[in-house]
DNA sequence: GTTGGGATTG
DNA sequence: GAATGTGTGTCTCAATCCCAACTT
DNA sequence: TGACACACATTCAA
Ligand SMILES: [Mn+2]
Ligand SMILES: [Mn+2]
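Numbering (our numbering), first residue to last: 7 to 571.
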């Protein structure tokens, strides 16, 4: 199914985005941003085409001689027109360092030997054995001025990228999506559910919010440019983070704070890390603070923080994260602390022959040779059935959560208010589970009708129909209900940690099995699912695998499958 | 001479 | 043998081109 | 370009 895009595809897409934002955000755009769109649309088509081509590429400077667009035969006049109207700079005043990425190794070597020849400074002919970075250093020392580069080539710099960023941010609500979303959709590669787009709902409802989000992305970008040991710059950067003025920004800023602070912690800048983590409201900020305090021997403060976490955890994950740590800490400073009771799931041990492929597939195939049918699904099964069953509620028309056609989920999907806002719908749907046939009907119906459409919980690639059929047949309705209930408690955190395998014995029933190869142990999120299984009576176990013929990795004469309990 | 990481394209 | 921290690989949209490191 | 699960190393407490 080769889908052809119209010849004007990138013009159309660009105009669509620009015009949407230009009209929807007329009250929030500043004058220069509006002019950016208005004047661009007055330029000749070849000029606009060239501008969009360059604007959608990842760098901002280009070599004219490397550009070849069959639909723009006269690049020179298009570029001249763009420069005339301020959308392009020809041969911008960049220093040698900024221009180097335009050059190949061969280019740099040629420039160097030309410069050396002029100065009668003979260097060895062996420039080509140097690595790229070494050549660049040589160039920085020996190429006096970017003029020598401009003698060899014409350079174009695309201007007004910052204005386009504003348009993209307003349109998508973020800066990680871009024009390729149009292409992927129109090629049929990622298809989105159709939901009502009300023009009154926008990603941002004030200029201040737009600016704050832009500032956040600036900081995020700058942090990625910094060296990990550049402590001062990171602290400075953290202090420049914008005040979070909506939930989305709060989430983004706190995630960046955590990222920076975690790095400071790694660099042993503990005090600064503590300060920054304290500004963050999101896990694992408090946990990290407690651990830092403990390494600083400030045990009582650390324990106090653990007590705070225990009494008002952000979520189950955060509460769980410090249980073992706090107990050890309490023992160290002889303070009282409830003894942590770790759930121990049922275990069994398998000795199998090692072969190519991951241990999960090996165990799956082993089970399939026994009298069972077994699938390696991890989170796919539970999440996908959830997504299919609640499909229309996920995409229910709630005010303000859909503002562009490229959303795979409503804006609030991973926030607690997702459940709060849709409480009656979710409750009614959950009550439907126990009615025989309803779950199966809705899941299969959505599997048919929505097949291939993006959904935050559905993984179409790994969700096979026979898995779905068997799971719906074997897993009792009450079990589905309890699985959904846990997912709804925290869609972000509980969508992970589901056991590797689902096993359907020929004799009936089912079981979730987590596979652990040599040296692997249960992760915390996996243990929490198992704890829950135990509480609600869902059969589950951990299957530890050892390799036949190996002891501690060295071969031993033995074979055959051994199973022990 | 191959390959592996990118950027670009539709 | 827990409990930590840290590093890796696998998803990737797929085809193509360019370029820089190399017997992988 | 992360999210997620796993692999591996180090440390520490019975
Ligand atoms: Mn797994
Ligand atoms: Mn596993």
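In this text, a Cβ means the ideal position worked out from N, Cα and C, and glycines have one as well. These numbers come from a predicted model, not from an experiment.
Judged by their CB atoms, residue 173 and residue 23 are nearer to each other than the 8 Å cut-off. Proximity annotation: ligand 1 has residues 366, 384, 506, 521 in chain order, each selected because its CB is closer than 7 Å to a heavy atom of the ligand. DSSP links residue 546 through a beta bridge to 518.
A straight-line Cα-Cα distance of about 6 Å links residue 342 and residue 336. The beta carbons of residue 171 and residue 162 sit no closer together than 8 Å. The beta carbon of residue 260 lies closer than 7 Å to those of 286, 287, 288 in the same chain, with the five residues before and after it left out. In the DSSP secondary-structure assignment, residue 156 is not bridged to any residue. Between residue 530 and residue 548 a beta carbon distance of about 14 Å is seen, past the 8 Å cut, so the two are scored as non-contacting. Our two residues, residue 179 and residue 367, have alpha carbons roughly 40 Å apart in a direct line.
Taking residue 419 as the centre and dropping the five residues before and after it, the same chain places the C-beta of 462 closer than 6 Å to its C-beta, in chain order. DSSP, read as helix, strand or coil, puts residue 290 in coil. Contiguous alpha helix (DSSP H) elements confined to the region 215 to 276 occur at 237 to 245, 253 to 272, taking only those with 4 or more residues. Inter-residue distance for residue 94 and residue 213 is about 27 Å (C-alpha atoms, whole angstroms). A Cβ-Cβ separation of about 11 Å leaves residue 70 out of contact with residue 56 under the 8 Å criterion. In the DSSP assignment, residue 9 falls outside any beta strand (DSSP E) and carries neither an H nor an E. Cβ contact annotation for residue 215 (same chain, cutoff 8 Å, sequence separation greater than five): 251, 252, 255, in chain order. Comparing C-alpha distances from residue 13 to each of 75, 45, 25 shows the shortest one belongs to 75. Our two residues, residue 228 and residue 506, have alpha carbons roughly 39 Å apart in a direct line. For the pair residue 198 and residue 412, the CB atoms are nearer than the 8 Å cut-off.
Put simply, the region 228 to 239 does not touch the region 425 to 441. Fewer than three CB pairs are less than 8 Å apart.
The alpha-carbon of residue 100 is positioned some 7 Å away from that of residue 152. A Cβ-Cβ separation of about 34 Å leaves residue 486 out of contact with residue 524 under the 8 Å criterion. Just so you know, the alpha carbons of residue 545 and residue 292 end up roughly 34 Å apart.
In the three-state reduction of the DSSP assignment, residue 172 falls in the helix class. Excluding its 5 nearest sequence neighbours in each direction, residue 141 has C-beta neighbours in its own chain below 7 Å: 111, 114, 115, 133, listed in chain order. By DSSP's assignment, residue 67 forms a beta bridge with 163. Relative to residue 11, the option among 408, 465, 193, 312 whose CA is nearest is 193. Contact between the region 316 to 325 and the region 357 to 364 is absent, with fewer than three C-beta pairs closer than 8 Å. Residue environment for residue 64: exposed (fewer than 16 other C-beta atoms within 10 angstroms of its C-beta). Exclusion of the five residues before and after residue 345 leaves 333 as the residues of its chain whose Cβ lies within less than 7 Å of its Cβ. In the DSSP assignment, residue 395 falls within the unbroken alpha helix (DSSP H) covering 386 to 395. Between residue 222 and residue 258, the CB-CB gap stays under 8 Å.
Three or more beta-carbon pairs separated by less than 8 Å link the region 472 to 480 to the region 378 to 389, which places the two stretches in contact. Unbroken alpha helix (DSSP H) runs of no fewer than 4 residues, entirely contained in the region 300 to 341, are found at 305 to 317, 322 to 327, 329 to 338, following chain order.
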